[in-house]
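Here the structure comes first, spelled out in structure tokens, and everything after it is commentary.
Numbering (my numbering), first residue to last: 1 to 291.
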């Protein structure tokens with residue numbers, strides 16, 4: 001009997017030891033997984049060795065140390081764990097900031113390689129996202145409206161696409177959750193919230209074209225420094241993006257040296273604005289996620 005009790009005691013000790021060891025290993029695995037997830041947000045950047053990159057560093061001899069400090073700041077900011085629940089307000093605001101980070105890196109690459117036009121086009125998107133994020137920092141409750149407006153945007157994209165293609169073609173290239181029927185269902189759920197008057201006399205209504213305010217009004221709400229960048233980062237960039245006379249006559253000189261100088265100047269302006277906007281994005285993230 002005593003021998004059986006001894007064996008039972010040993011088994012109990014073994015089980016307890018196994019649970020402790022297993023729990024410890026699980027904890028180590030989770031810590032390592034979390035660290036890998038945090039490290040995965042780090043980025044490195046290679047400028048390359050081209051004539052344009054060399055000229056960029058010659059124009060800005062003190063650039064690299066400042067860029068390294070900014071890179072460290074970005075890594076620290078976006079190494080935070082992704083907020084939960086997924087697709088909730090915090091998750092969306094964090095994701096919008098992450099999109100700004102990606103915009104900045106793409107602008108950096110184009111600007112350093114002398115593609116001023118391309119850098120300016122991307123700057124417009126970075127500016128609009130940075131302003132929207134700052135607006136949601138000031139008015140956090142607006143984030144839910146931003147999320148729900150996605151159904152309006154999807155429906156508009158569907159309507160426009162069906163003017164030149166068929167519903168079957170749409171469904172063949174979209175995931176099942178973005179099939180035409182699913183988009184229409186989501187639109188019906190939120191359309192009343194985003195209706196606005198189309199004709200006062202006829203009393204007709206139509207979907208709003210923006211999720212809350214237009215960009216200019218939003219900039220007035222958030223104020224400095226976004227208002228200082230409006231012309232360079234938004235107005236001029238709009239003329240570059242769309243089919244305009246300004247975009248058609250972008251290169252108005254046959255002088256290759258003059259054209260190169262213009263592109264480089266445009267690249268420098270875009271990169272300067274992008275860097276300052278990204279600092280504001282980091283400030284927004286720190287306001288939202290103080291940790």
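Glycine included, each C-beta is placed from N, C-alpha and C at the ideal position.
Quick one, are the C-beta atoms of residue i and residue j less than 8 Å apart?
{"i": "residue 222", "j": "residue 230", "result": "no"}
{"i": "residue 78", "j": "residue 98", "result": "yes"}
{"i": "residue 186", "j": "residue 134", "result": "no"}
{"i": "residue 224", "j": "residue 273", "result": "no"}
{"i": "residue 117", "j": "residue 263", "result": "yes"}
{"i": "residue 277", "j": "residue 93", "result": "no"}
{"i": "residue 113", "j": "residue 195", "result": "no"}
{"i": "residue 176", "j": "residue 191", "result": "no"}
{"i": "residue 212", "j": "residue 205", "result": "no"}
{"i": "residue 70", "j": "residue 103", "result": "no"}
By a C-beta neighbour count over all protein chains shown, 10 Å radius and 16 as the cutoff for buried, is residue i buried or exposed?
{"i": "residue 59", "result": "exposed"}
{"i": "residue 86", "result": "exposed"}
{"i": "residue 162", "result": "exposed"}
{"i": "residue 121", "result": "buried"}
{"i": "residue 245", "result": "exposed"}
{"i": "residue 141", "result": "exposed"}
{"i": "residue 280", "result": "buried"}
{"i": "residue 74", "result": "buried"}
{"i": "residue 253", "result": "exposed"}
{"i": "residue 124", "result": "buried"}
{"i": "residue 64", "result": "exposed"}
{"i": "residue 270", "result": "buried"}
{"i": "residue 57", "result": "exposed"}
{"i": "residue 282", "result": "buried"}
{"i": "residue 249", "result": "exposed"}
{"i": "residue 240", "result": "buried"}
Where does residue i fall in DSSP's three states?
{"i": "residue 205", "result": "strand"}
{"i": "residue 50", "result": "coil"}
{"i": "residue 287", "result": "helix"}
{"i": "residue 198", "result": "strand"}
{"i": "residue 117", "result": "helix"}
{"i": "residue 295", "result": "This structure cannot speak to residue 295, because the chain is shown only from 1 to 291."}
{"i": "residue 212", "result": "coil"}
{"i": "residue 84", "result": "coil"}
{"i": "residue 125", "result": "helix"}
{"i": "residue 91", "result": "helix"}
{"i": "residue 229", "result": "helix"}
{"i": "residue 244", "result": "coil"}
{"i": "residue 140", "result": "coil"}
{"i": "residue 224", "result": "coil"}
{"i": "residue 61", "result": "coil"}
{"i": "residue 79", "result": "coil"}
If contacts are defined as beta-carbon pairs under 8 Å, then residue i and residue j qualify, I think. What distance do you get, rounded to the angstrom?
{"i": "residue 158", "j": "residue 132", "result": "Actually they do not touch by this definition, with Cβ atoms about 23 Å apart."}
{"i": "residue 119", "j": "residue 110", "result": "4 Å"}
{"i": "residue 295", "j": "residue 284", "result": "Past the boundaries of the shown model lies residue 295; the chain is included only from 1 to 291, so the question cannot be answered."}
{"i": "residue 154", "j": "residue 215", "result": "At roughly 20 Å, the Cβ-Cβ gap does not stay under 8 Å, so residue 154 and residue 215 are not in contact."}
{"i": "residue 108", "j": "residue 130", "result": "At roughly 15 Å, the Cβ-Cβ gap does not stay under 8 Å, so residue 108 and residue 130 are not in contact."}
{"i": "residue 89", "j": "residue 143", "result": "4 Å"}
field: 4 or more residues per run - each alpha helix (DSSP H) lying fully within the stretch 146 to 185
entry: With a minimum length of 4 residues, the continuous alpha helix (DSSP H) runs that stay inside the stretch 146 to 185 are 150 to 161 and 167 to 173.
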